[in-house]
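Enquirer: Mind having a look at this structure? Questions to follow.
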Amino acid sequence: RAASYTGQLRAVLKYSVDGGLPLEFERALGQLPVMVRSVACHLRGLGPAELIRKREERHELGGYFIANGNERAIRLLIVPRRNHITGIIRTSFKNRGPTFTQFATVMRCANTDQCSLTVALHLLTTGSARLRLTISKNEFFVPVVTLLRALRDCSDSEIYSRAVADAGSDSFVADRVLEALRENRDDFGQPLRTRHECLAFLGRQFRPVLRRPPWESDADAGLVLLRRHVFIHLEHPTETGRGAAKWELLLLMLQRLYALAAGRVAQ
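The sequence shown begins at 1 in the numbering used here and counts up one residue at a time.
Below is the structure:
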C-alpha cells in the first residue's frame, strides 16, 4: 500500500583542482521510478510460469510505473506545431460572443524554457478582430488595433497599408481593416492614438489580473502584459526590438485571418 517501485540512481563524478590528477567519487542522486518489465525491472524476460512463482500475473505486460500504490502510465499528447500560424474554422468560436465568427488564426508559442502559451486571433462580424489571451485559466479578448498600437509606434495609414498589402484590390479586406481602425478610434470612450495611451489603457484593464503593485504606472503594467502573455517566443535584448517583432507577427496573423475568411487560403 502506498508503495513505489523505484531504483536508486547513482552517479560517478570526477573533478580536479588546479589541473591536478582527477579525483573520482560516487554519489546517490535519489530514487528513480522503474517501468514494470523494463530492462531495469527484475521481471524482465520471465515467462508465464516464472511470473506466477513471483506472485505476478501470468500475462503481465508491463509498460507502466507504480507510484504511491497507483499504476501510472506516460501518455504522449499530440499538440499543435509550435510557433506556427494555423487557420481554423470552427462553429464553436461563435459561442465566445454575439459578434464572433467561426474564423480564427491560432499559434502555440513556446519559448526557450519550453513554456508555451496559445493565442488566437478571432474575426468579428463587424470586421474587427480580437486576440485571445489566457491568463490564470481565464480568457481575455484584446482589440487587434489597440494591441498593434501598443506594441510599437505606428499610424492608421501604416496599419491599413500593411494589412491590405497581400489583398490587392479586394474590398473584403479593406472594409474590415477600416472598421477595425474606426473601432479603436471611437468605441472605447477615450482617445487611443499613441503607443503610450494604448499601453496605459491595457494596463488599467489588466492590472487586477496581473497583480501589479500600485506604484507601477498603467503603461508599465501594459508592457508587462505584452512581455508575459503576447508571443512569448519572440525575444529581443531591447523592449523596442521585441515590440517590433511582435507587431510584425500580429499583423501577419491578421492578414492570414482575413485571407481565411475570404476563402483565399484553406484551414
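Yeah, the Cβ is synthetic: ideal placement off N, Cα and C, and Gly gets one too. All of these numbers come straight from a predicted model, not from anything done at the bench.
Count the other CB atoms, across all protein chains shown, that sit within 10 Å of the CB of Q255; report buried if there are 16 or more and exposed otherwise.
Expert: Under this definition Q255 is a buried residue.
Enquirer: Does P237 have its Cβ less than 8 Å from a Cβ in chain C?
Expert: No chain C appears in the structure shown, which is made up of a single protein chain.
Enquirer: Measuring straight from C-alpha to C-alpha, what distance separates T194 and R149?
Expert: Approximately 7 Å, taken between the alpha carbons.
Enquirer: What's the C-alpha gap between S161 and R212?
Expert: About 36 Å.
Enquirer: The alpha helix (DSSP H) spanning G241 covers which residue range?
Expert: Here the alpha helix (DSSP H) through G241 covers E239 to A262.
Enquirer: Express the C-alpha separation of A261 and S136 in angstroms, rounding to a whole number.
Expert: Rounded to whole angstroms, S136 to A261 spans 30 Å at the Cα level.
Enquirer: Could you say which of T101, Q8, V106 and A67 lies nearest to T86 if we only look at CA atoms?
Expert: It is V106.
Enquirer: Do you know offhand how far T134's Cα is from V119's?
Expert: So the alpha carbons of these two residues sit roughly 8 Å apart.
Enquirer: Within 10 angstroms of the Cβ of S171, are there 16 or more other Cβ atoms? Answer buried if so, exposed if not.
Expert: So S171 ends up on the exposed side.
Enquirer: Among residues of its own chain, excluding the 5 on either side of L123, which ones have a beta-carbon nearer than 6 Å to its beta-carbon?
Expert: T101, F103, A129, L257 and A261, listed in sequence order.
Enquirer: Exposed or buried, E183, counting other C-beta atoms within 10 Å across all chains shown (16 or more means buried)?
Expert: The residue in question, E183, is buried, as its Cβ has 16 or more Cβ neighbours within 10 Å.
Enquirer: My output table needs one value for F231: the three-state DSSP class, helix, strand or coil.
Expert: In the structure shown, F231 sits in coil (DSSP, three-state: anything other than H, G, I, E or B).
Enquirer: Within this structure, are the beta carbons of A244 and R152 separated by less than 8 Å?
Expert: It is a contact, given that the beta carbons lie within the stated cut-off.
Enquirer: I'd like to check one pair, L29 with R37: are the Cβ atoms closer than 8 Å?
Expert: Cβ atoms of R37 and L29: not closer than 8 Å.
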